[in-house]
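Student: Sharing a structure below in structure tokens format, with a few things to ask.
2 protein chains.
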Amino acid sequence: MGRVTIRDVAELAQVSTATVSRALSGAKPVSPAVVDQVRRAADELGYAGNGIASALRRSRTDTVGMVVPSIANPFFTGLVEHVEHALQDAGRQLFLCSSRSDPELEAQRLRSLVARQVDGIIISPVHGSLSTTAVRRAADELPLVQVDRYVTGVDSDWVGVDDDAALELVMEHLADRGVRSAAFVSSQLTNSSTELRVAGFHRHAERLGIAVRERDVLLGEYSIEWGRQAARTLLADGPRPDAVVCADDLIALGMLQSCAAAGVDVPRDLLVTGFDDIPFAALSHPSLTTVRQPQAEIAAEAVRLLSRVLGAQDAPPSRVALRPSLTIRSSTSR
Amino acid sequence: MGRVTIRDVAELAQVSTATVSRALSGAKPVSPAVVDQVRRAADELGYAGNGIASALRRSRTDTVGMVVPSIANPFFTGLVEHVEHALQDAGRQLFLCSSRSDPELEAQRLRSLVARQVDGIIISPVHGSLSTTAVRRAADELPLVQVDRYVTGVDSDWVGVDDDAALELVMEHLADRGVRSAAFVSSQLTNSSTELRVAGFHRHAERLGIAVRERDVLLGEYSIEWGRQAARTLLADGPRPDAVVCADDLIALGMLQSCAAAGVDVPRDLLVTGFDDIPFAALSHPSLTTVRQPQAEIAAEAVRLLSRVLGAQDAPPSRVALRPSLTIRSSTSR
DNA sequence: CCTCGTTGTGCAATCGATTACCTGGATGGG
DNA sequence: CCCATCCAGGTAATCGATTGCACAACGAGG
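Heads up: the sequence lines are chains S and F, in that order. Quick note: the first sequence uses this note's numbering, first residue 1, plus one each step. Quick note: the second sequence uses this note's numbering, first residue 1001, plus one each step.
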């Protein structure tokens, strides 16, 4: 357990700690013979360095923190994987936290990341306004990029998908299929993407002459269980709409399950669409028509933006909305 | 950007840095009046502390590192969520890394966690032998608990599921359903749980008189795609077994998809079982019969073991194999 | 009134690595 | 042959918070 320090290495290699540091990091030239000696000594002792001490002195950690609302949602884990990949190329590591859709927990995670001196933060904030203070406070301290969703009132970079364009794709596709009335199932959360999606839904429905009854807009949370529940509510009473537009795939998958259980045939009796195109969207029965988010591009762009800020260039914050595409599967194909 | 330090607070509150530290952490008694003064000063300056410096001095970080083979696999993300929950109660934070099923990357992650002085590590190692060196090295430095899988040759705590008992449940269930021959689809990875599952499959198949042809044991990786592929191989030629036992749900879900595409009716023509009981196992068509892992218990036990070791009690390493249960759904119910 | 705790606070060492600055010797040009 | 330059490598300050030790003030008990 006795940790081996740079001093031990220096002693064994018969040089100063400064030389050991330089030999191992290559910060300044050291003669090859000495480098070799130091390397050998370090190996022999199994020297691993102390990242904490190094971080304190250099005041950087080569680590980026990421905060997402949920790691049970494959959309976010997909995003995380891509971010991790992109960071690796930049020689950085990812420190992942989940805020579990709780602004309070989110604030705590952010504080903790700041205290741990990560070099930058990538966050998908929980809430459009309740998250503002914590996000701003973090953004004041270090580079911060928002992904997927953003909060109001913080001037930071953002990368995500063009939600309005996404809903346009969905609604036009449904219109093409002859849909005359539609329901919308989403989360209660008031955050940018959730709001833009519901707004887009209404806008394009109206434009295309698709009827929307007020009671057919159901708000709960982004989960399979809520999809199931919403389906039950929707199918329980009154005339059924021609289609159900879901704000994410988890909801849509829960919806499909309950439809099957209730004997409602999708797509014959009802069309269903999702959002995100998670891997499981292709596996349901029927397979799910959904909006594909360009995850890899979002991740790459987020990392690029972060590096730009790390490069200390005081560029104005940029908001990048990438174009989504529609993956058409059986849930809307008669 | 000018970070506020403890010195600034001390100056404003007109006390020494020692007093500020004690007032804020409560490590030693400080008179109420002074505490109040310090609190006020800290608030006014927005003092957040420097976790790095604190960690260096105290040589603890109140952080636990976790390394999993994949964060795209809902089984692991479920586990992570439960661990995070359990840690929160203990006032610790989680630092999550993915090894992407690559022993080399895994070793790097472990080194990095050790360098960052996390207080302990929870790991599900990639490989039974290739991961050994890295895991041992980490375990030499700090408390380490293995979950789900374990490597050979390292004396550390382990918590997981009783894989043999799990396969017993599966095979007896299949035997009850009149299955006379079975295939097994798993990952190539040689790690404890993978190996115990294939061994259990063979043992119980033999015991119950279920025939297994050598070419019906297919090894690839834990992914949906491999499940699809394996299905194609399995259905392509020769007589079809009565059942396919899959070593995880991702494989099983891919298998179901390909079966549907090939016009093979599950469960009429073929029974299929999975392993893990991820949320999506209930959503497939047909829904999947699978082994349920007691994730919450595994997580709680892992955290408990880690705390025990952190308490510096030199107890002998314990290996806890929890009992799995079988969730029976449509993929095995005629 | 004189010890002997007790309590609250400050001083300064400390954690381990990095790096600004300094030194001594080698090198090269004039 | 001398001086300017360069380079490897050492010395010690530094990052920011914590904490062992010292000390002052105060109260209680004899």
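The C-beta atom is built at its ideal place from N, Cα and C for all residues, glycine as well. Every value quoted in this text rests on a predicted model; they were computed, and no experiment measured them.
Anyone know if the C-beta pair for R1329 of chain F and T1289 of chain F falls short of 8 Å?
Tutor: In terms of Cβ geometry, R1329 of chain F and T1289 of chain F form a close pair [threshold 8 Å].
Student: Classify A166 of chain S: buried if its beta carbon has 16 or more other beta carbons within 10 angstroms, exposed otherwise.
Tutor: buried
Student: Taking Cβ positions, are D1157 of chain F and P1317 of chain F nearer each other than 8 Å?
Tutor: yes
Student: Does the beta-carbon of E1347 of chain F have 16 or more other beta-carbons within 10 angstroms, so that it is buried, or is it exposed?
Tutor: Chain F is shown from 1001 up to 1334; residue 1347 of chain F falls before or after that span and cannot be answered.
Student: Just reading off the beta strand (DSSP E) that V9 of chain S is part of, what are its end residues?
Tutor: V9 of chain S -> not in any beta strand (DSSP E); alpha helix (DSSP H) instead, spanning 6-13.
Student: Leaving out five residues before and five after A243 of chain S in sequence, what residues of the same chain have Cβ atoms less than 6 Å from its Cβ?
Tutor: L174, V179, A182, L271
Student: Quick check on the burial criterion: 16 or more other C-beta atoms within 10 angstroms. Buried or exposed for E301 of chain S?
Tutor: Classification of E301 of chain S: buried, given that the 10 Å Cβ count is 16 or more.
Student: I want to verify the contact list: residues of chain F whose CB lies under 8 Å from the CB of H285 of chain S, in sequence order.
Tutor: A1260, S1284, H1285
Student: Taking the DSSP output, what are the residues bridged to C1097 of chain F?
Tutor: F:V1067
Student: Give me the residue from S:L96, S:T332, S:L144 with the minimum Cα distance to I121 of chain S.
Tutor: S:L144
Student: May I have the straight-line CA-CA distance separating L1253 of chain F from V212 of chain S, to the nearest angstrom?
Tutor: 35 Å
Student: Give me whichever residues DSSP pairs with D276 of chain S in a beta bridge.
Tutor: S:R292
Student: In three-state DSSP terms, what is R1308 of chain F?
Tutor: helix
Student: Is the beta carbon of F1275 of chain F closer than 8 Å to that of D1249 of chain F?
Tutor: yes
Student: Can you tell me which residues form a DSSP beta bridge with L174 of chain S?
Tutor: Its beta-bridge partners do not exist; DSSP assigns none.
Student: Let me know if D155 of chain S comes out buried or exposed under the rule of 16 or more other beta-carbons within 10 Å of its beta-carbon.
Tutor: Label assigned to D155 of chain S: exposed.
Student: Looking at chain S, is there any beta carbon in it that lies within less than 8 Å of the beta carbon of E1081 of chain F?
Tutor: yes
Student: For L56 of chain S, which residues in chain F fall below 7 Å Cβ to Cβ?
Tutor: Under the 7 Å cutoff, chain F gives I1052, A1053, L1056.
Student: Would I1052 of chain F pass as a contact of A55 of chain S if the rule is Cβ separation under 8 Å?
Tutor: yes
Student: Please tell me whether Q117 of chain S has its Cβ less than 8 Å away from any Cβ of chain F.
Tutor: yes
Student: Does the distance from the CB of L1283 of chain F to the CB of L1169 of chain F come in under 8 Å?
Tutor: no
Student: Just to confirm before moving on: does the CB-CB distance between V1198 of chain F and I1251 of chain F stay below 8 Å?
Tutor: no
Student: Please confirm whether V114 of chain S has its beta-carbon closer than 8 Å to some beta-carbon of chain F.
Tutor: yes
Student: With respect to the beta strand (DSSP E) encompassing Q146 of chain S, which residues constitute its N-terminal and C-terminal limits?
Tutor: Here the beta strand (DSSP E) through Q146 of chain S covers 144-147.
Student: Do you know offhand how far L110 of chain S's Cα is from P125 of chain S's?
Tutor: 11 Å
Student: In the structure shown, what three-state DSSP assignment does M1001 of chain F receive?
Tutor: Its pLDDT being 49, under 50, M1001 of chain F is placed unreliably by the model, and the measurement read from it follows with that caveat. M1001 of chain F: coil per DSSP, three-state reduction.
Student: With L326 of chain S as the anchor, note down where its beta strand (DSSP E) starts and where it stops.
Tutor: 325-327
Student: Starting from the Cα of P241 of chain S, find the closest Cα among S:A261, S:A107, S:R268, S:Q37 and give me that residue.
Tutor: S:R268
Student: Report yes or no: do the stretch 78-92 of chain S and the stretch 11-30 of chain S share at least 3 C-beta pairs separated by less than 8 Å?
Tutor: no
Student: Pairing CB atoms from the stretch 1098-1109 of chain F with CB atoms from the stretch 1062-1081 of chain F, are three or more of them under 8 Å?
Tutor: With a cut-off of 8 Å on Cβ pairs, the stretch 1098-1109 of chain F is in contact with the stretch 1062-1081 of chain F, counting three or more such pairs.
Student: If contacts are defined as beta-carbon pairs under 8 Å, then G1049 of chain F and A115 of chain S qualify, I think. What distance do you get, rounded to the angstrom?
Tutor: Your pair G1049 of chain F and A115 of chain S checks out as a contact, with CB atoms roughly 6 Å apart and the cut at 8 Å.
Student: Just checking, does the stretch 1085-1105 of chain F make contact with the stretch 1025-1041 of chain F on the three C-beta pairs under 8 Å criterion?
Tutor: no
Student: Determine, using beta carbons only, whether L1218 of chain F and A1262 of chain F come nearer to each other than 8 Å.
Tutor: no
Student: Taking just the CA atoms, how far does L94 of chain S sit from D176 of chain S?
Tutor: 43 Å
Student: Identify the contact partners of I224 of chain S in chain F, using a Cβ-Cβ distance below 9 Å as the criterion.
Tutor: P1279, F1280, A1282, L1283
Student: Which one of F:L1045, F:S1193, F:L1113, F:S1099 has the shortest CA to CA distance from T1061 of chain F?
Tutor: F:L1113
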